[in-house]
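Peer 1: Residue numbers for the sequence shown, in the numbering used here: 10 to 333.
My structure is below; once you've seen it, I'll send some questions.
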Amino acid sequence: RKSELEKQKAKAKRILEIMGYDFNPKQNIQNQTANDELNEMGNTVPKVMGTDVEPEEKVQNINGEDMVHVRDYERSDGVDVDSYWRHKPNRGASTIYANEQTGTNNLLANDTNKSDLKFELSVEKKLYPDEIAGVKRGKPMTFEEAGGKNVNPNYKSWSKKYTNICQSCVPCLEARLRGYNLEVMPSNDVSTQLAKNPWSVFINPNTGEECKPVDISEKYPQDCINALEKMVNSNERYMLVYLPSQYSNDSHSVCIYRESGELKIYDPMINKTMNKYEFEEKIKPVLFMGYPIGYPLRVGRIDDKILKPEIMSNITKPKVKSRR
10 RKSELEKQKA KAKRILEIMG YDFNPKQNIQ NQTANDELNE MGNTVPKVMG TDVEPEEKVQ
70 NINGEDMVHV RDYERSDGVD VDSYWRHKPN RGASTIYANE QTGTNNLLAN DTNKSDLKFE
130 LSVEKKLYPD EIAGVKRGKP MTFEEAGGKN VNPNYKSWSK KYTNICQSCV PCLEARLRGY
190 NLEVMPSNDV STQLAKNPWS VFINPNTGEE CKPVDISEKY PQDCINALEK MVNSNERYML
250 VYLPSQYSND SHSVCIYRES GELKIYDPMI NKTMNKYEFE EKIKPVLFMG YPIGYPLRVG
310 RIDDKILKPE IMSNITKPKV KSRR
């Protein structure tokens, strides 16, 4: 009886053959038969490294070398990897490889695909370094463990040191969710600078550039909520920057995600969660009075971004054990 891993390998190999990878040059697959088989499989390509590749016509000659386009794909831990170009694999040279470090199946084509695996592992290393701000990585936390009053335990509504640091609280929450037991520092020069561009702490692991958010410039609250519904996917986390008051130009940063399919807007600075209806009421005054900074909402995905070390070490610190 075949093991589950062998079955997955066989299915991945068959789908790759259908997509044009020739593991056996003597075997001739008729197009119609291939299409029928792909449809029977639900037209779903397993999201394992190297298999989610565009059709052969996506091959281009770049700087004198044949390159093939690799679509966005999802890793086994749920993190999406942006699309990129790689050297075209040699036909007939591919083998199925089980990566023992991640427990996932990966298609390797000689050294080319091995370099893809190294690239994938290097991205994971950047997302989950050995330590952040002097704290070694532990077990990933749930929202209940990461949030609560753990991000900003010294919050007091009258204390400016701990009420003007929303831009620090969101990356601190993200670090805690990844397994780093941190809390925020009080307001300082670095957090003040970060407030001017809160996206600069989140770095794209593939490009090295800071997170590029999307502006939602709808004029009506319900339209803004509808836009968020389309943008925010399950098992992903985003930072949402919005204007909380029509009387101020100071924006506010929160985390937005889905829980049991429903949108949740969590403010780690004050430990408050809103559903989409509560958030709609929150932004109504700003929208109806006009928004002076040019946009009502700005959204960017953060769970697949690197937490910039030099910023994190100046806005977060090791969690202090509570005294009883």
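No residue lacks a Cβ here, since even glycine has one placed at the ideal position from N, Cα and C.
Could you check what DSSP says for Met283 in three-state terms: helix, strand or coil?
Peer 2: Here Met283 sits in strand by DSSP.
Peer 1: Using the rule of at least 16 other Cβ atoms within 10 Å of the residue's Cβ for burial, across every protein chain shown, is Val295 buried or exposed?
Peer 2: Buried, because 16 or more other Cβ atoms sit within 10 Å of the Cβ of Val295.
Peer 1: When the Cα atoms are used, what is the spatial distance from Val223 to Val308?
Peer 2: Whole-angstrom Cα-Cα distance: 5 Å.
Peer 1: Closest by CA to Ile343, which one among Lys228, Asn215, Cys175?
Peer 2: Lying outside 10 to 333, the shown extent of the chain, residue 343 is not represented and no answer is given.
Peer 1: Tell me the rounded alpha-carbon separation between Leu306 and Phe211.
Peer 2: So the two alpha carbons sit approximately 18 Å from each other.
Peer 1: Would you grab the beta carbon distance between Val160 and Pro207 for me? Rounded to a whole angstrom, and I think it's under 8 Å.
Peer 2: Going by Cβ atoms, the distance from Val160 to Pro207 rounds to 15 Å, so no, they are not a contact pair.
Peer 1: Are the Cβ atoms of Pro253 and Lys291 separated by less than 8 Å?
Peer 2: Cβ distance < 8 Å, so Pro253 and Lys291 count as in contact.
Peer 1: Quick one: grab the DSSP three-state call for Ser262.
Peer 2: Reduced to three states, the DSSP call for Ser262 is strand.
Peer 1: Alpha carbon to alpha carbon, how far is Arg187 from Asn163? Give it in angstroms, no decimals.
Peer 2: When rounded, the distance between both Cα atoms is 22 Å.
Peer 1: Since Lys326 sits in a beta bridge, which residues does DSSP pair it with?
Peer 2: Glu192, per the DSSP bridge assignment.
Peer 1: Since Lys170 and Ser196 are thought to touch, with beta carbons under 8 Å apart, how far apart are those beta carbons, to the nearest angstrom?
Peer 2: Between Ser196 and Lys170 the Cβ distance is about 5 Å, and since that is below 8 Å, they are a contact.
Peer 1: According to DSSP, which residues form a beta bridge with Phe211?
Peer 2: BP columns for Phe211 point to Leu316.
Peer 1: Closer than 7 Å by C-beta to Ile311: which residues in its own chain qualify, once you throw out the five before and the five after it? Chain order, please.
Peer 2: So the list reads Glu183, Phe211, Cys220, Arg246, Tyr247, Met248, once near-sequence residues are dropped.
Peer 1: Name the one or two DSSP bridge partners that Arg307 has.
Peer 2: Partner(s): Asp224, Val250.
Peer 1: Roughly how many angstroms lie between the CA atoms of Leu203 and Gly270, to the nearest whole one?
Peer 2: Near 31 Å, if we compare the C-alpha coordinates of Gly270 and Leu203.
Peer 1: If I follow the unbroken alpha helix (DSSP H) through Lys239, where does it start and stop?
Peer 2: Taken as a continuous stretch (DSSP letters only), the alpha helix (DSSP H) holding Lys239 covers 230-240.
Peer 1: Measuring alpha carbon to alpha carbon, tell me which residue in Lys330, Pro318, Thr325, Glu287 is nearest Asp139.
Peer 2: Among Lys330, Pro318, Thr325, Glu287, the Cα nearest to that of Asp139 is on Pro318.
Peer 1: Expressed to the nearest angstrom, what Euclidean distance is found between the alpha-carbon atoms of Asp276 and Glu289?
Peer 2: Rounded to the nearest angstrom, the two C-alpha atoms are 15 Å apart.
Peer 1: Go through its chain and collect everything with a Cβ distance to Met150's Cβ below 6 Å, but skip five positions before and after it.
Peer 2: These residues qualify, in order along the chain: Arg185, Leu186.
Peer 1: What are the boundary residues of the alpha helix (DSSP H) that includes Lys205?
Peer 2: Taken as a continuous stretch (DSSP letters only), the alpha helix (DSSP H) holding Lys205 covers 198-205.
Peer 1: Leaving out five residues before and five after Met298 in sequence, what residues of the same chain have Cβ atoms less than 7 Å from its Cβ?
Peer 2: Only Gln255 meet the Cβ criterion.
Peer 1: Could you tell me if Val179 is buried or exposed, where buried requires 16 or more neighbouring beta carbons within 10 angstroms of its beta carbon?
Peer 2: Burial call: buried.
Peer 1: In the DSSP assignment, find the unbroken beta strand (DSSP E) run with Glu245 in it and report its ends.
Peer 2: Segment: none, Glu245 is in no beta strand (DSSP E) and carries neither H nor E.
Peer 1: Which whole-angstrom value is the C-beta distance of Met194 and Lys326, which I expect to be below 8 Å?
Peer 2: So it is a contact: roughly 5 Å between Cβ atoms.
Peer 1: Quick check on the DSSP output: the beta strand (DSSP E) that includes Glu271 runs from which residue to which?
Peer 2: Counting along the chain, the beta strand (DSSP E) containing Glu271 begins and ends at 271-276.
Peer 1: With distances taken from CA atoms, which of Lys134, Ile141, Asn190, Ile265 is nearest Met240?
Peer 2: The shortest C-alpha separation from Met240 is found at Ile265.
Peer 1: Going by other Cβ atoms of all chains shown within 10 Å of its Cβ, with 16 needed for buried, is Asn190 buried or exposed?
Peer 2: By the 10 Å Cβ count, Asn190 comes out buried.
Peer 1: Rounded to the nearest angstrom, what separates Ser12 and Ile141 at their Cα positions?
Peer 2: C-alpha separation (whole angstroms): 39 Å.
Peer 1: Which residue comes first and which comes last in the alpha helix (DSSP H) that contains Pro180?
Peer 2: Counting along the chain, the alpha helix (DSSP H) containing Pro180 begins and ends at 175-186.
Peer 1: Pop quiz: Lys135 and Ile315 are said to be a contact at Cβ under 8 Å. What is the actual Cβ separation, rounded to whole angstroms?
Peer 2: The pair is a contact, with the Cβ atoms about 5 Å apart (cut-off 8 Å).
Peer 1: Which residues share a DSSP beta bridge with Val144?
Peer 2: Answer by DSSP bridge pairing, in chain order: Ile141.
Peer 1: Can you give me the start and stop residues for the alpha helix (DSSP H) that Glu153 sits inside?
Peer 2: Here the alpha helix (DSSP H) through Glu153 covers 152-155.
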